[in-house]
Ligand SMILES: Nc1ncnc2c1ncn2[C@@H]1O[C@H](COP(=O)(O)OP(=O)(O)OP(=O)(O)O)[C@@H](O)[C@H]1O
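In UniProt numbering, the protein residues as written are 1 to 252.
What follows is the structure, given as structure tokens:
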């Protein structure tokens with residue numbers, strides 16, 4: 001795991017319909033320390049996905065720099081793992097082969113990559129699902145497999161773009177609790193994007209509030225771990241932090 005640094009990052013799109021340039025991200029700088037969990041939250045259109053896609057290397061920046069472990073990125077790479085809201089597991093591969101796909105691409109032999117996949121599946125309580133195909137799993141389980149698949153690549157930085165947005169509220173809370181538990185065990189460097197304030201605060205060590213393509217404010221989240229919803233909903237510090245971040249987002 002490594003640090004992630006954004007230095008004066010900006011992105012301008014050309015809107016071909018309107019014939020104008022749109023500034024989606026402007027002079028964004030922040031650092032995420034090794035093993036830190038940071039959420040970015042902000043209203044629709046504030047530039048969250050644009051930032052994540054630039055870090056992933058899917059789109060080029062218009063200005064500034066992105067460094068992973070102190071080295072500037074050049075396009076996509078296995079040092080950055082990405083989990084989206086809707087992403088395809090390979091339907092023709094079993095769960096264990098889906099999770100072992102990244103190690104396979106790196107040339108890890110079958111027995112070894114099966115062992116890696118089983119270790120990560122166990123971490124997410126998915127041992128029993130190893131031999132199943134994606135269409136035999138619930139949406140929540142598929143999402144879990146997606147997270148585990150990204151982790152099994154052992155990326156330096158894990159980038160997550162609203163990964164739990166499409167599951168029901170109860171499953172979502174379970175997935176959030178699981179993610180915080182796995183994060184505590186493995187301490188990956190994580191950048192998590194969401195428009196859900198409670199989710200951002202629940203998961204992170206630090207929340208970055210984005211407004212119109214700029215960093216509006218950073219809020220430290222010094223809540224104790226492990227984090228469990230039943231406890232946090234009654235925790236005054238959690239309520240205060242959520243209210244503070246919500247008012248920043250609403251005035252963004
Ligand atoms: N390919 C594109 N061409 C032109 N403009 C774009 C393009 N992609 C995004 N934009 C514009 O850039 C701005 C930021 O978009 P972005 O998708 O990064 O925001 P977001 O915060 O992720 O929004 P949401 O929460 O709705 O996904 C918006 O004004 C959007 O319309």
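Quick reminder that beta carbons are idealized off the backbone N, C-alpha and C, glycines included.
Residue i (DSSP reduced to helix, strand or coil)
i, result
"residue 114", "helix"
"residue 85", "coil"
"residue 253", "As displayed, the chain neither begins before 1 nor continues past 252, which places residue 253 out of reach and without an answer."
"residue 3", "coil"
"residue 59", "coil"
"residue 71", "strand"
"residue 65", "strand"
"residue 215", "strand"
Boundaries (first-last residue) of the alpha helix (DSSP H) holding residue i
i, result
"residue 248", "236-250"
"residue 94", "No alpha helix (DSSP H) contains residue 94, which DSSP labels as neither H nor E."
"residue 104", "101-105"
"residue 48", "48-56"
"residue 232", "229-232"
"residue 41", "That residue, residue 41, is in no alpha helix (DSSP H); its beta strand (DSSP E) goes 37-41."
"residue 199", "197-203"
Limits of the unbroken beta strand (DSSP E) element including residue i
i, result
"residue 189", "189-194"
"residue 225", "That residue, residue 225, is in no beta strand (DSSP E); it is neither H nor E in DSSP."
"residue 25", "20-32"
- Could you pull out every unbroken alpha helix (DSSP H) segment of at least 4 residues lying fully inside the segment 126-152, listed in chain order? 139-152
- ligand 1: which residues have Cβ under 6 Å from any of its heavy atoms, chain order? 13, 15, 22, 24, 42, 44, 45, 46, 47, 48, 49, 50 and 195
- Item | Touching by the beta-carbon criterion (3+ pairs, under 8 Å), the segment 238-246 and the segment 50-63 | no
- Message: If contact is defined by three or more beta carbon pairs under 8 Å, each pair taking one atom from either stretch, is the segment 50-59 in contact with the segment 169-186?
- Response: no
- Could I get the ranges of all uninterrupted alpha helix (DSSP H) runs contained in the segment 156-192, with 4 residues as the minimum, in chain order? 169-186
- Message: Pairs of beta-carbons, one from the segment 65-76 and one from the segment 106-113, closer than 8 Å: are there three or more?
- Response: no
- Is the segment 189-208 touching the segment 39-50, taking contact as three or more C-beta pairs under 8 Å? yes
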